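Protein sequence lines correspond, in order, to chains U and H. Numbering-wise, the first sequence is residues 1 to 380 according to our numbering. Numbering-wise, the second sequence is residues 381 to 778 according to our numbering. Beta carbons: idealized from backbone N, C-alpha and C, even for Gly. Keep in mind the model is a prediction, meaning the values are calculated, not measured.
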Amino acid sequence: MDLSLSDEQKQLQESAERFAREKYTFDNRRKIVATERGWLPENWAQFAELGWLGMAFSEEDGGYGGGPIETMIVMEQFGKGLVLEPFLPTVVLGGGMIARAGSADQKAALLAPMIEGKKQFAFAWLERQSRYNLADVSLKATKEGNGWSLSGHKGVVYNAASADEIIVLARTAGSAREPKGLTLFVVDAKAKGLSRRDYPTQDALRASELTFDKVSVGADAVLGKVDDAFPTVEEAVDRAIVALCAEATGCMDAINAATLEYIKTRKQFGVAIGKFQVLQHRMVDCFTNAQEARSMTLMASLKIDDKDPTVRAKAASGAKVQIGKSGKFCGQSAVQMHGGMGVTDEMAVSHYFKRLTMIDLMFGNQQHHLTRYSNLAMAA
Amino acid sequence: MDLAFTPEEQKFADEVRAFVRANLPADVRDKVKNGKHLIRDDYMRWQQALGKKGWLVYTWPKKHGGPGFTPAQRYIFENICAEEYAPGIIPFGTKMVGPVIYTFGTEAQKEKYLPAIRESTVWWCQGYSEPGSGSDLASLRTKAEKDGDHYIVNGSKTWNTMGHWADWIFCLVRTDSKSKPQEGISFLLIDMKTPGITVKPIIMADGGHEVNEVFFDNVKVPVENLVGKENEGWTCAKFLLANERLGIAAVPQSKRGVEALKDIARVEQDNGRPLIENQSFAEKIADLEIQVTALEFTELRVLSQMAQGGQPGAEVSGLKIRGSEIQQRITELTMEAVGEYSAPYLPGLLWQGTNEEPVGPDYAHLAAPRYFNTRKTTIYGGSNEIQKGIISKMVLGL
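The following block contains the structure:
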């Protein structure tokens, strides 16, 4: 048993920390948010150069042989900086699914350029009725000659406007909400019949509503096996959840540090408000919450490679419950302790709060994952 | 990073399990498993077996006669002992006064006291709190006045755990009442057989006798029983508290508690189905299990830092707070699982060998007393409010 970082991992941590600190000052971030894409190609090129886009992939897939710990390290620093580059949809989700389910040709055509920073992805699974059920998918793909025709709607697809390819979860067989009968397709973002409505999200990311009107794709667009995508999706989403947890841990560290600094300097009744016991105890609770979030993220990052899908799923859901709980506590407390300033756009605190809030909703909130964890844990 | 044990760690785990199975007296194991009260002799037989093996003082470094376990070995040892239903090691000698003596004591004191702690031939207890000094410990008034080569001790201590079984007590006493409260305190070792000491039981809400008041009436204590310098006992007290914080989270015991709770929820019925199938109750257990996991990995992170030579940081301070809250939550949910069959009060059943018939299942009568008793965990060792005060000052700099 060894929970220490290797020298390489420590270097990775330092360089990710430096990136977030230097490139994501509050003012810089504002400027990036205002750009057309909402993220910077030069930053993405730097990720490629530093090897971050390939670090978690095996060497035979063209990566550098790291894993969930490397992802955790980088995502945590991204959380500290509220980094906007689409690492999660492109690398963790898109890259992750291609690495797990893709053919050799698909890996060569998609994964290799992604690692070089030349391709980005979006993952389209959610539909209006889906809520948190990954199998509640009704966008239909029907056979059309050798290929397929896709029709239906996908919502809140992060990074769809910047992506080169959209990875679409579609129903090819079975009834509504049935895990069997789902298939993943890699669809050119510029495909005929695919239209987008783009918008910013509450936390300054970019997402889109996608409409598929008889979008034709070849047989080679299928990622993995026809009708059998669900296990791939579930695993990829569990991995994405753990990466999100790491990001949230970074957000919590940053928001706690900002709040601590604020209550040490803000004076009322003639003293720094941090002298009041009621705020001291709340601040301690914030730090304890962040520690627990960090511990659960580490646990999940260590267990997400487990061969047993139950262990993997419990780890991801357990961590997501903690992140939901701790993120809400730290976020709400930070705003409260900042007083009116906490709800202004000019303070970083409100931006961390918004990100933490959206992270809870992404891929299942605290309650959803408590139920999922409970069903897995009580069955044993 | 790797969660898996190395082959050496696995070998050590096997050795610990084999040792516990061979040396933990069967009757003691049964008592722990069935939630019965233990008596002095039960603890002593197990602790002396550990003492012979050199593992009783498992947190001590080699140079003071400990086994010098690595943090991973500590974790393994504690978990396996809990899994095998070994009683908790009484901390007063092993985790409290022992480390104070080897850190601040004279060579003569080390020679006199440490072997008996390592071998568990002497039972120690703690004299800290007083009727007027709880959270504000430094206001303590039990007085030790020098009279030739003795101190004369007068005053009283309270919340003294298991002092009715103890041979010796370590006390914080006031040796100077003129300076600041923290600066006039000394750390004194006192033989419980000394004339003038009276131990009076305090019966707790669960009906049990676990703690006492201890009265000192002109008790003569040789000056060589002073540990560290006179009026610098607060240093020893602070060291002792810091040293005690790690194990206080009781993670292995809580893991065992959650499993026991699940077992009960599988037996208890709710509308004709096992209670564990009730979604809202199952989610309460799930939430608790997640809390225990978070605590366990926080402790593992601290152990990992220590293994690399670091000092426990901010993480360790929260362990007592969360550990104690979790212990309480386990008893609360267990009582909730048992429901109204928690009501029968059958104190005789808490002891092994009674003829009294249980009412309902044999775990039912334990639920409420445990719940009542475990309220102590957020109060003792510095209440959780005091802990938060310490963290906000020492860690957050508020």
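Residue i versus the options, residue with shortest Cα-Cα distance
i: U:Thr211; options: U:Gly364, U:Phe230, U:Leu139, U:Leu223; result: U:Leu139
i: H:Gly445; options: H:Asp394, H:Asp422, H:Gly478, H:Lys413; result: H:Gly478
i: H:Ser763; options: H:Ile628, H:Trp504, H:Val502; result: H:Ile628
i: U:Gly63; options: U:Asp308, U:Leu111, U:Ala16, U:Val137; result: U:Leu111
i: U:Thr142; options: U:Leu134, U:Tyr373, U:Ser151; result: U:Ser151
i: H:Asn623; options: H:Gly652, H:Met774, H:Trp545, H:Ser697; result: H:Ser697
i: H:Pro467; options: H:Trp440, H:Gln506, H:Asn403; result: H:Asn403
i: H:Lys609; options: H:Leu568, H:Thr578, H:Phe595; result: H:Leu568
i: H:Ser660; options: U:Leu194, U:Ser350, U:Asn375, U:Met341; result: U:Asn375
i: U:Ala240; options: U:Glu14, U:Gln280, U:Ala56; result: U:Ala56
i: U:Asn256; options: U:Val349, U:Asn365, U:Tyr199; result: U:Val349
i: U:Tyr199; options: U:Met362, U:Ser15, U:Arg37, U:Val226; result: U:Arg37
i: U:Lys192; options: U:Arg206, U:Ile167, U:Ser149, U:Leu50; result: U:Ser149
i: U:Leu205; options: U:Ala48, U:Ile32, U:Gln77; result: U:Ile32
i: U:Glu209; options: U:Val187, U:Met347, U:Val156; result: U:Val156
CB contact flag (residue i, residue j, <8 Å)
i: H:Leu776; j: U:Met283; result: yes
i: U:Ala316; j: U:Asp238; result: yes
i: U:Gln120; j: U:Asn146; result: no
i: H:Leu729; j: H:Pro741; result: no
i: H:Ala640; j: H:Pro654; result: no
i: H:Leu699; j: H:Thr673; result: no
i: H:Trp548; j: H:Ile565; result: no
i: U:Met296; j: U:Ala313; result: no
i: U:Asp360; j: U:Lys80; result: no
i: H:Glu669; j: U:Ala293; result: no
i: H:Leu675; j: U:Met1; result: no
i: U:Val83; j: U:Tyr24; result: yes
i: H:Ala393; j: H:Pro632; result: no
i: H:Gly543; j: H:Val502; result: no
i: U:Leu244; j: H:Ser684; result: no
i: H:Met476; j: H:Leu620; result: yes
Buried or exposed by the 16-neighbour rule on C-beta atoms within 10 Å, applied to residue i
i: U:Ala34; result: exposed
i: H:Ser772; result: buried
i: H:Ile470; result: buried
i: U:Gln129; result: exposed
i: H:Lys768; result: buried
i: U:Pro86; result: buried
i: H:Arg709; result: buried
i: U:Phe185; result: buried
i: H:Ser634; result: buried
i: U:Ala104; result: exposed
i: U:Gln202; result: exposed
i: U:Ala221; result: buried
i: U:Ala189; result: buried
i: U:Thr26; result: The question names Thr, but residue 26 of chain U is Phe in the sequence shown. When all chains shown are included, U:Phe26 counts as exposed.
i: U:Gln367; result: exposed
i: U:Val271; result: exposed
i: H:Asn735; result: exposed
i: H:Arg420; result: exposed
i: H:Asp667; result: buried
i: U:Arg29; result: buried
- Item | Length at least 4, wholly inside the region 448–476 of chain H: the alpha helix (DSSP H) runs in chain order | 451–463
- At 4 residues or longer, and completely inside the region 627–690 of chain H: list those alpha helix (DSSP H) runs for me, N to C. 631–647, 659–687
- List in chain order: all unbroken alpha helix (DSSP H) runs of 4+ residues lying wholly within the region 72–146 of chain U. 96–101, 112–115
- Message: Closer than 8 Å is the cut-off here; do at least three beta carbon pairs connect the region 29–45 of chain U with the region 213–232 of chain U?
- Response: no
- Item | Meets three-Cβ-pair contact criterion under 8 Å: the region 244–260 of chain U and the region 341–361 of chain U | yes
- Item | Any 3 or more C-beta pairs closer than 8 Å across the region 91–103 of chain U and the region 226–238 of chain U | yes
- Just checking, does the region 310–328 of chain U make contact with the region 262–273 of chain U on the three C-beta pairs under 8 Å criterion? no
- Just list the alpha helix (DSSP H) runs in the region 468–532 of chain H, keeping only unbroken ones of 4 residues or longer that don't cross its boundaries, in chain order. 478–484, 487–499
- Task: Report yes or no: do three or more beta-carbon pairs, one from the region 417–429 of chain H and one from the region 482–497 of chain H, lie closer than 8 Å?
- Result: no
- Message: Please give me, in chain order, every unbroken run of the beta strand (DSSP E) with length at least 3 that falls completely inside the region 191–278 of chain U.
- Response: 194–200, 206–217
- Task: Spell out a yes or no on whether the region 578–588 of chain H and the region 600–610 of chain H are touching, meaning 3 or more CB-CB pairs, one atom from each, closer than 8 Å.
- Result: no
- Message: Check whether the region 748–764 of chain H and the region 445–455 of chain H are in contact - that is, three or more C-beta pairs closer than 8 Å.
- Response: no
- Does the region 742–749 of chain H come close enough to the region 604–620 of chain H that 3 or more CB-CB pairs lie under 8 Å? no
- Along the chain, which unbroken stretches of the alpha helix (DSSP H) at least 4 residues long are found entirely within the region 323–363 of chain U? 348–361
- Query: Quick check: the region 162–172 of chain U against the region 275–282 of chain U, are there 3 or more CB pairs under 8 Å?
  - Reply: no
- Task: Please confirm if the region 391–402 of chain H is in contact with the region 329–347 of chain U, defined as three or more CB-CB distances below 8 Å between the two stretches.
- Result: no
- Task: Any chance you could list the beta strand (DSSP E) runs of at least 3 consecutive residues sitting entirely within the region 147–190 of chain U, in chain order?
- Result: 147–158, 165–171, 182–188
- Query: Which runs of the beta strand (DSSP E) fall wholly inside the region 538–615 of chain H and span at least 3 residues, in chain order?
  - Reply: 548–554, 565–571, 577–583, 589–602
- Item | Within 7 Å of chain C by C-beta, residues of the region 362–373 of chain U in sequence order | Included in the structure are the protein chains U and H, with no chain C among them.
- Complete alpha helix (DSSP H) runs within the region 732–766 of chain H (minimum length 4 residues, chain order): 744–754
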